[in-house]
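Colleague:
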Amino acid sequence: MTNHELVYPTDPLKIALIGTGGRAQGHYCPLFKFLQAWVEIVAVCDPVRKKCDQAAEMLGVTAYYDIRQLVKDKPMEAALVVTPVPSHHSISVYLSSHGIHNMCETTWCNTLSQARQMIQTAEDNKVVVRVAENFFRFSIDRFAQILRDSDYLGSIQRIFSYNDHTGYHNNSRWIAFAQSHPLWVQSIEHSIPTISFYSSPQRFHHNENFRARYFGFNQNLLVVDSASNIKGFLGRQSRPGHTEWQGESGTLLYRPETTELRYCSENNQQSQDDLPGKFGGRADRVYPVVKEIGEDGQWLRTYCQTDETLIEYLNPYRLDGYREKNIGYSCAIADHIIDFCLSVRGLRQSEFDEQDALMSLMMEVGAQESALNQGERIQLPIVGKTEAEAQTYQALKQQYCVDPMDIEAMLDISYPKP
0 MTNHELVYPT DPLKIALIGT GGRAQGHYCP LFKFLQAWVE IVAVCDPVRK
50 KCDQAAEMLG VTAYYDIRQL VKDKPMEAAL VVTPVPSHHS ISVYLSSHGI
100 HNMCETTWCN TLSQARQMIQ TAEDNKVVVR VAENFFRFSI DRFAQILRDS
150 DYLGSIQRIF SYNDHTGYHN NSRWIAFAQS HPLWVQSIEH SIPTISFYSS
200 PQRFHHNENF RARYFGFNQN LLVVDSASNI KGFLGRQSRP GHTEWQGESG
250 TLLYRPETTE LRYCSENNQQ SQDDLPGKFG GRADRVYPVV KEIGEDGQWL
300 RTYCQTDETL IEYLNPYRLD GYREKNIGYS CAIADHIIDF CLSVRGLRQS
350 EFDEQDALMS LMMEVGAQES ALNQGERIQL PIVGKTEAEA QTYQALKQQY
400 CVDPMDIEAM LDISYPKP
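Quick note on numbering: numbering that gives the first Met the number 0 labels position 19 of the sequence shown as 18, and the sequence is numbered without any gaps.
1) To the nearest angstrom, how far is it from the Cα of isoleucine 310 to the Cα of aspartate 150?
2) Would you tell me roughly how many angstroms separate the C-alpha atoms of cysteine 103 and threonine 258, rounded to the nearest one?
3) Find out if the Cβ-Cβ distance for the pair alanine 54, alanine 78 is shorter than 8 Å.
4) Taking DSSP's pairing of strands, which residues face histidine 189 in a bridge?
5) By how many angstroms is the C-alpha of glycine 345 removed from the C-alpha of cysteine 44?
6) Considering only C-alpha positions, which residue in the set Glu353, Glu291 and Tyr262 is nearest to threonine 308?
7) Mind checking whether asparagine 162 and alanine 226 have CB atoms under 8 Å apart?
8) Select from Asp411, Gly21, Phe31 and Ala366 the residue whose C-alpha is nearest the C-alpha of valine 424.
9) On the DSSP letters alone, give me the boundaries of the alpha helix (DSSP H) that threonine 120 sits inside.
10) Looking only at its own chain, which residues have a Cβ that is under 7 Å from the Cβ of cysteine 340, when we skip the five neighbours before and after it?
11) Our contact map puts glutamate 353 next to alanine 121 with C-beta atoms below 8 Å; I'd like the distance itself, whole angstroms only.
12) On the DSSP bridge list, what partners appear for serine 225?
13) Alpha carbon to alpha carbon, how far is valine 184 from leucine 379?
14) Rounded to a whole number of angstroms, what is the C-alpha to C-alpha distance between serine 199 and valine 84?
15) By DSSP's criteria, phenylalanine 216 is part of a beta bridge. Which residues make up the other side?
16) Which residues in the same chain have their Cβ closer than 7 Å to the Cβ of aspartate 402, if we skip the five residues on either side of it in sequence?
17) Go ahead and label aspartate 405 buried or exposed: buried means 16 or more other beta carbons lie within 10 angstroms of its beta carbon, across all protein chains shown.
18) Quick one: grab the DSSP three-state call for methionine 0.
19) To the nearest angstrom, how far is the alpha carbon of threonine 305 from that of tyrosine 286?
20) Between the C-alpha atoms of glutamate 431 and alanine 175, what's the straight-line distance to the nearest angstrom?
21) Relative to the C-alpha of arginine 202, which residue among Lys32, Ser190, Asn228 and His87 is closest?
22) Measuring CB atoms only, is the segment 347-361 touching the segment 116-130, in the sense that at least three cross pairs come out at less than 8 Å?
23) What does the Cβ neighbour count give for valine 382, buried or exposed, with the cut at 16 atoms within 10 Å?
24) With the cut-off set at 8 Å, would you say isoleucine 187 and alanine 370 are in Cβ contact?
25) In three-state DSSP terms, what is glutamine 245?
26) Since leucine 313 sits in a beta bridge, which residues does DSSP pair it with?
27) Look at the alpha carbon of asparagine 2 and the alpha carbon of serine 342, and state the distance between them as a whole number of angstroms.
28) With a 10 Å radius around its C-beta and 16 neighbouring C-beta atoms as the bar for buried, classify asparagine 217 as buried or exposed.
29) Take the Cβ of isoleucine 470 as the centre, count every other Cβ of all protein chains shown within 10 Å, and call the residue buried at 16 or more, exposed below.
30) Does serine 160 pass the burial test, meaning 16 or more other C-beta atoms within 10 Å, or should it be called exposed?
31) Mapping DSSP to helix, strand and coil, what is tyrosine 414?
32) Report the option in Phe232, Tyr213 and Ile139 whose CA atom is closest to the CA atom of histidine 204.
33) By alpha-carbon positions, which one of Asp10, Leu58, Gln35 and Leu34 ends up nearest to threonine 19?
34) Assign threonine 5 to one of two classes, buried (16 or more other C-beta atoms within 10 Å of its C-beta) or exposed (fewer than that).
35) Would you mind working out which of Pro239, Gly234 and Gly280 sits nearest tyrosine 247, comparing C-alpha positions?
36) Have a look at Thr110, Lys73 and Asp72 and flag the residue whose alpha-carbon is nearest the alpha-carbon of alanine 389.
Following this line, the structure appears as structure tokens:
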């Protein structure tokens, strides 16, 4: 990843927003007025009429309550799917089979069989299918990618992450940083009982699960990704937790209270031919990594000024006049929407394509399979069937009382959240 110039299509991509719940209205709808050069929202669709009408009024577009009617009328070229994960597969395949490009929110889908069908259907109908993954587009990850390319720390061959999320979202971060797919995964899981409580109307807790995942990439890169209770309940460390990018001559350290670039200068580097001494290897130069915010509340850049050089990522996605609680989060969403638009228009190759989306899911399934087998190393990509996948399939079938691969049956299911 490098700092890149904005690219504009000749005409904006006509988009339908499918799903108008909290995430769609809270994060997507406010952004569209800033993205008019890239996308034109022409319709919204949701079986929950109240939510659908609210979004339609916000955007000044037609409301649809039935995806089949939306596809029949087909006012759009493409769709953004912001619905619960179990619905993604059926919606994506249905859209692709009717020649409609589509990008689904994360997690992309539930099983590898579903993901493969999503890809194959898109290929058969010559449409673009993507996942709306934005974690690797956040400020710290963009800076880490620039730092990697600068070679300031030498080769970065280990990443350690604790409670800075985990699972599908983080998998995309490691793929983007490595610029390749992992070769294997090992995982262990551990559960302890806790007091019982609701964190939200649909989430009841009575225990706490810990996951430790190890991913091996080319170039000797090892990622250690572990987490439990990332919301910080019971006094735990909440997200963002603690992540280190460990290089030959120093470390990029990221945690809630500070972000630092810690560098071991030549003064603290010795060879075996030097006289023995003390304090070698100490990071004697510690530089703050700054997330610069403009007077209008917009994220401008993330940078580190060292004694020798300036390392910086310039944010190209300025949303002038839009203030957000989590500065930079909306820029990441804008980033993946623009990426999708430019991919459909054939103007730029996606940073994170359908094969990357599939591998992110393989990393998750592989980690689950490894944990089921006492930490056995699982080779990637996964070939053949796994027990983890079979368990997920059966759980979906039991929950919805239909075959989760049945497109029409899954389309008929409503997925309301309290």
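Positions of the beta carbon are idealized from the N, C-alpha and C atoms, including for glycine.
Modeller: The short version:
1) Just so you know, the alpha carbons of isoleucine 310 and aspartate 150 end up roughly 10 Å apart.
2) Between cysteine 103 and threonine 258, the C-alpha separation is close to 32 Å.
3) Against a cut-off of 8 Å, the Cβ pair of alanine 78 and alanine 54 comes out as no contact.
4) Beta-bridge pairing by DSSP links histidine 189 to Phe209.
5) Within the model, the alpha-carbon separation for cysteine 44 versus glycine 345 is close to 26 Å.
6) Scanning Glu353, Glu291 and Tyr262 for the CA closest to the CA of threonine 308 turns up Tyr262.
7) Yes, these two residues count as a Cβ contact at 8 Å.
8) One cannot answer for residue 424 here, as it falls past the ends of the chain, which runs 0 to 417.
9) In this chain, the alpha helix (DSSP H) harbouring threonine 120 covers 111-123.
10) Taking cysteine 340 as the centre and dropping the five residues before and after it, the same chain places the C-beta of Pro8, Leu12, Trp37 and Val38 closer than 7 Å to its C-beta, in chain order.
11) With a beta-carbon spacing of about 7 Å, glutamate 353 and alanine 121 fall inside the 8 Å limit used to define contacts.
12) DSSP, once it has assigned bridges, lists Tyr161 and Ala211 as partnering serine 225.
13) Going by the C-alpha atoms only, they are around 7 Å apart.
14) Taking the straight line joining both Cα atoms gives about 18 Å.
15) Paired residues: none, contrary to the question.
16) Cβ contact annotation for aspartate 402 (same chain, cutoff 7 Å, sequence separation greater than five): Lys396 and Ala408, in chain order.
17) Around the CB of aspartate 405, fewer than 16 other CB atoms lie within 10 Å, so the residue is classed as exposed.
18) Residue placement at methionine 0 is poorly supported in this model, since its pLDDT is 35, which falls under 50; the coordinates are not used for a value here.
19) Looking at the two C-alpha atoms, the distance is approximately 6 Å.
20) Because residue 431 is not part of the residues shown, which for the chain are 0 to 417, the question remains open.
21) Residue Asn228 is the option with its Cα nearest to arginine 202.
22) The segment 347-361 makes contact with the segment 116-130: 3 or more CB pairs, one atom from each, lie closer than 8 Å.
23) Exposed.
24) Yes, the pair counts as a contact, with Cβ atoms nearer than the cut-off.
25) Strand at glutamine 245.
26) Answer is Arg300, bridged to leucine 313.
27) At asparagine 2, the pLDDT of 49 sits below 50, so the modelled position is not reliable and the matter cannot be decided from this model.
28) If you draw a 10 Å sphere on the C-beta of asparagine 217, you find fewer than 16 other C-beta atoms in it, and that means exposed.
29) Within the shown structure, residues of the chain are numbered from 0 to 417, placing residue 470 beyond reach of any answer.
30) Serine 160 should be labelled buried.
31) Three-state DSSP puts tyrosine 414 in coil, outside helix and strand.
32) The shortest C-alpha separation from histidine 204 is found at Phe232.
33) Comparing alpha carbon positions, the residue from Asp10, Leu58, Gln35 and Leu34 closest to threonine 19 is Leu58.
34) Note on residue identity: the sequence assigns leucine, not threonine, to residue 5. The C-beta of leucine 5 has fewer than 16 other C-beta atoms within 10 Å across all chains shown, which makes the residue exposed.
35) The sequence as given places glutamate at residue 247; tyrosine does not occur at that position. Cα-wise, what sits closest to glutamate 247 is Gly280.
36) The shortest Cα separation from alanine 389 among Thr110, Lys73 and Asp72 belongs to Thr110.
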